[in-house]
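Residue numbers (this note's numbering), protein chains in the order written: chain W, 5 to 254; chain A, 5 to 254. Glycine is no exception: its CB is placed at the ideal position from the N, C-alpha and C atoms. Nothing here was measured: the structure is a model prediction, and the numbers come from that model. A quick write-up on the structure given underneath.
Protein chains: 2
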Amino acid sequence: MATEGKFIKGTSCNGCPLRPLQVFRSFKADELAFVNHLKLGELAFGSGAAVFLEGEECEHLFTVLSGWGFRYKTLDDGRRQILNYVMPGDLIGLQGSLTGEMQHSIEALSPIRVCVFPRSKLSELYREYPELAYDLTWIAAREERMLDENLLSIGRRSALERAAYLIALLYQRATTLELFSGGWGSIPLTQQHVADTLGLSIVHTNKTLRKLADRGLIRWAEKGCDVRDIDGLLTLAGWDGLSEPKRPFI
Amino acid sequence: MATEGKFIKGTSCNGCPLRPLQVFRSFKADELAFVNHLKLGELAFGSGAAVFLEGEECEHLFTVLSGWGFRYKTLDDGRRQILNYVMPGDLIGLQGSLTGEMQHSIEALSPIRVCVFPRSKLSELYREYPELAYDLTWIAAREERMLDENLLSIGRRSALERAAYLIALLYQRATTLELFSGGWGSIPLTQQHVADTLGLSIVHTNKTLRKLADRGLIRWAEKGCDVRDIDGLLTLAGWDGLSEPKRPFI
DNA sequence: CGGGAGGTTGATGAACCTCAAACAATGTGG
DNA sequence: CCACATTGTTTGAGGTTCATCAACCTCCCG
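The following block contains the structure:
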């Protein structure tokens, strides 16, 4: 896999698949026009492709249009920590655009399409569209909130609670985005990904997931995970669940 | 302790203790005037005071002027995770200002003074001062970067490496702010704080810190920690150290 | 003088990691 | 078509790391 992204030029924001979704706020006409003006085109990555690599210069900002990915960092000896997952509507590369160099990597979990913006036009955005600028800050703050939750989970929850929290979170995020609507869909993960998210070894992750499956909370499918009992997961994790009101995206 | 904050009205930005520091970018005259216009006054908290509590409505933004504090979250049964430390120049309450309700708590580690801004004037800032707006996003992205590092540490480093990383980080952040200039200063922590940051029990934290001390890397002082060998800590943690160019603050 | 907060230490067991092996599913080249 | 490699999952054995419990100690303060 790990294919380079394929570039698709000149697609308009009018047919954006995100815009109809309930979760996202609607744009005013001039904002939409401006975002359309920002947009360079789209990129498509195959499953397993590197969207960004740590240390790279970052000329572009991406908004995910479809597909799953994950952000991660590694230590020198190869130990990997997954920081968060990226899903449709998420903005990626903002950190890099502000500081010049990416401090983390991003990899596609499934085939993924992103919308491409040049970072050179960011200052124009800040000057001309204060509400979009506010949205950017809001988006950064949302990411921060997710990281806070994640840190709490890894630092203070047991392996079983952690796994329950992770799967419940991914399930709810995906549900809000209507990714599972119309029948079925699995969370496209390997147990290695789960392990690297929870800070556990793959062996212990396997045994932990088995416990969740034995309790009827999840089912491990071919290349992924199905949720069987979301309330059970939430209870086990001691978590209230996701509350996301209408939110901005760019 | 845990005293309520004492409010001090009408202090100007001209005498701001942060402005002379090398780390911070300088303001243009009109920006400075605007920030001064934003500023309501200052608040002083005693050591151990609650600056913010999770779930609170958040009317104000604070910029730390002096002192140390920490951000944390807790699970229902009381387990606590420290997410990050706040030091002079850090903006706190941004998350809450954007989403209405604080998702984490902040407590003072030492006596702390903060600068108070009303969140109601944020929209004015975004409309009139795009560069300050950009700075706000930048600041949010910086916090995100620190959380990424933290997550990597807790998820994938051993207890000893984690402790080394934490102390090295705090030491370097403090050094950049010239907090230890002119002789001596310790990082004002208890071992309970270290434990809640690293996701360890207090007993094991104690044994881990003892190992660092036995190796001559740190010295545990009365109510705090002195760094003896910063390079040793960095090597042990497998970390390059902090690289912070001039950065914005509000 | 007593009490509380913070630090230190040892014993014991649980949680988790590493090593090792095996299995199923899938794809590849001959 | 089969032999073979690859990727992902599963399981057991044995060892390390870490948590919990229980003391005890020091320092500081009322």
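Is there a C-beta anywhere in chain A that falls below 7 Å from the one on residue i?
{"i": "W/Ala-144", "result": "yes"}
{"i": "W/His-108", "result": "yes"}
{"i": "W/Leu-246", "result": "no"}
{"i": "W/Leu-216", "result": "no"}
{"i": "W/Leu-240", "result": "no"}
{"i": "W/Leu-102", "result": "yes"}
{"i": "W/Gln-196", "result": "no"}
What did DSSP end up calling residue i once you bin it into helix, strand or coil?
{"i": "W/Pro-21", "result": "coil"}
{"i": "W/Leu-181", "result": "coil"}
{"i": "W/Arg-123", "result": "helix"}
{"i": "W/Leu-61", "result": "In the sequence under discussion, the amino acid at residue 61 of chain W is Glu, which differs from the Leu named in the question. Three-state result, W/Glu-61: strand."}
{"i": "A/Gly-93", "result": "coil"}
{"i": "A/Ile-206", "result": "helix"}
{"i": "W/Ala-1", "result": "Coverage of chain W is limited to positions 5 through 254, which leaves residue 1 of chain W absent and any answer about it impossible."}
{"i": "W/Ser-101", "result": "helix"}
{"i": "W/Phe-11", "result": "strand"}
{"i": "W/Lys-227", "result": "coil"}
{"i": "A/Ala-6", "result": "Low per-residue confidence applies at A/Ala-6: pLDDT is 41, beneath 50, and the placement is therefore not dependable enough to give any value."}
{"i": "W/Leu-238", "result": "helix"}
{"i": "W/Arg-166", "result": "helix"}
{"i": "W/Gly-71", "result": "coil"}
{"i": "W/Thr-78", "result": "strand"}
{"i": "W/Val-27", "result": "coil"}
{"i": "A/Gln-107", "result": "coil"}
{"i": "W/Gly-45", "result": "strand"}
{"i": "W/Ile-222", "result": "strand"}
{"i": "A/Arg-214", "result": "helix"}
{"i": "A/Leu-87", "result": "strand"}
{"i": "W/Ile-116", "result": "strand"}
{"i": "W/Ile-191", "result": "strand"}
{"i": "A/Phe-38", "result": "helix"}
Using CA atoms only, rank isn't needed, just tell me which of the options is closest to residue i.
{"i": "A/Leu-87", "options": "W/Leu-213, W/Gly-203, W/Arg-160", "result": "W/Arg-160"}
{"i": "W/Asp-256", "options": "W/Gly-45, W/Leu-164, W/Phe-11", "result": "This structure gives no information on residue 256 of chain W, because the portion of chain W shown stretches from 5 to 254."}
{"i": "W/Leu-240", "options": "A/Leu-79, A/Lys-43, A/Lys-215, A/Arg-232", "result": "A/Leu-79"}
{"i": "W/Ile-96", "options": "A/Pro-122, A/Gly-73, A/Glu-148", "result": "A/Glu-148"}
{"i": "W/Leu-4", "options": "W/Ser-30, W/Thr-15, W/Trp-224, W/Lys-43", "result": "Because chain W is modelled from 5 through 254, residue 4 of chain W falls outside the range shown and cannot be assessed."}
{"i": "A/Ile-75", "options": "A/Glu-61, A/Lys-211, A/Gly-93, A/Ala-54", "result": "Residue identity differs from the one stated: residue 75 of chain A is Arg in this sequence, not Ile. Nearest option by C-alpha distance: A/Ala-54."}
{"i": "W/Ser-16", "options": "W/Gly-9, W/Asp-139, W/Ile-234, W/Val-39", "result": "W/Val-39"}
{"i": "W/Ser-51", "options": "W/Arg-29, W/Gly-9, W/Asp-34, W/Asp-235", "result": "W/Gly-9"}
{"i": "W/His-208", "options": "W/Ala-167, W/Ile-171, W/Leu-238", "result": "W/Ala-167"}
{"i": "W/Gly-59", "options": "W/Asp-34, W/Lys-211, W/Leu-183, W/Gly-104", "result": "W/Gly-104"}
{"i": "A/Trp-224", "options": "A/Thr-194, A/Leu-129, A/Arg-123, A/Arg-83", "result": "A/Thr-194"}
Counting only beta-carbon atoms, is residue i nearer than 7 Å to chain W?
{"i": "A/Arg-149", "result": "yes"}
{"i": "A/Leu-193", "result": "no"}
{"i": "A/Asp-152", "result": "yes"}
{"i": "A/Leu-155", "result": "yes"}
{"i": "A/Asp-203", "result": "In the sequence as displayed, the identity of residue 203 of chain A is Gly instead of Asp. Yes, contact with chain W."}
{"i": "A/Ala-6", "result": "Its pLDDT being 41, under 50, A/Ala-6 is placed unreliably in this model, and the coordinates cannot settle the point."}
Touching by the beta-carbon criterion (3+ pairs, under 8 Å), the region 101-112 of chain W and the region 146-159 of chain W: no
Practice item. For the region 112-141 of chain W, enumerate the residues whose C-beta is nearer than 7 Å to any C-beta of chain A, in chain order. Key: Tyr-130, Arg-131, Pro-134, Ala-137, Tyr-138, Leu-140, Thr-141
Q) Just by C-beta distance, which residues in the region 66-92 of chain A are closer than 9 Å to chain W? A) Arg-75, Tyr-76, Lys-77, Thr-78, Leu-79, Asp-80, Asp-81, Arg-83, Arg-84, Gln-85, Ile-86, Leu-87, Asn-88
**Request:** Could you name the residues of the region 159-184 of chain A whose beta carbon sits closer than 8 Å to any beta carbon of chain W, in the order they occur along the chain?
**Result:** Gly-159, Arg-160, Arg-161
Quiz item: Going along the region 14-35 of chain A in order, which residues come within less than 8 Å of chain W, judged by CB to CB distance?
Solution: none
- prompt: At a Cβ cut of 8 Å, what residues of the region 205-231 of chain A count as close to chain W, listed as they run along the chain?
  reply: The region 205-231 of chain A vs chain W, Cβ under 8 Å: nothing.
Counting pairs of beta carbons, one from the region 171-180 of chain A and one from the region 128-144 of chain W, are three or more of them closer than 8 Å?
no
Examine the Cβ distances between the region 94-102 of chain A and the region 57-70 of chain A and report whether three or more of them are shorter than 8 Å.
-> yes
Residues in the region 31-61 of chain W with C-beta within 9 Å of chain A's C-beta atoms, listed in sequence order?
none
> Are the region 219-231 of chain A and the region 187-198 of chain A touching, with three or more C-beta to C-beta distances below 8 Å?
Replying inline: Remark: three or more beta-carbon pairs, one from each stretch, lie closer than 8 Å, so the region 219-231 of chain A and the region 187-198 of chain A are flagged as touching.
Looking at C-beta atoms only, is the number of pairs between the region 116-124 of chain W and the region 69-77 of chain A that lie closer than 8 Å three or more? no
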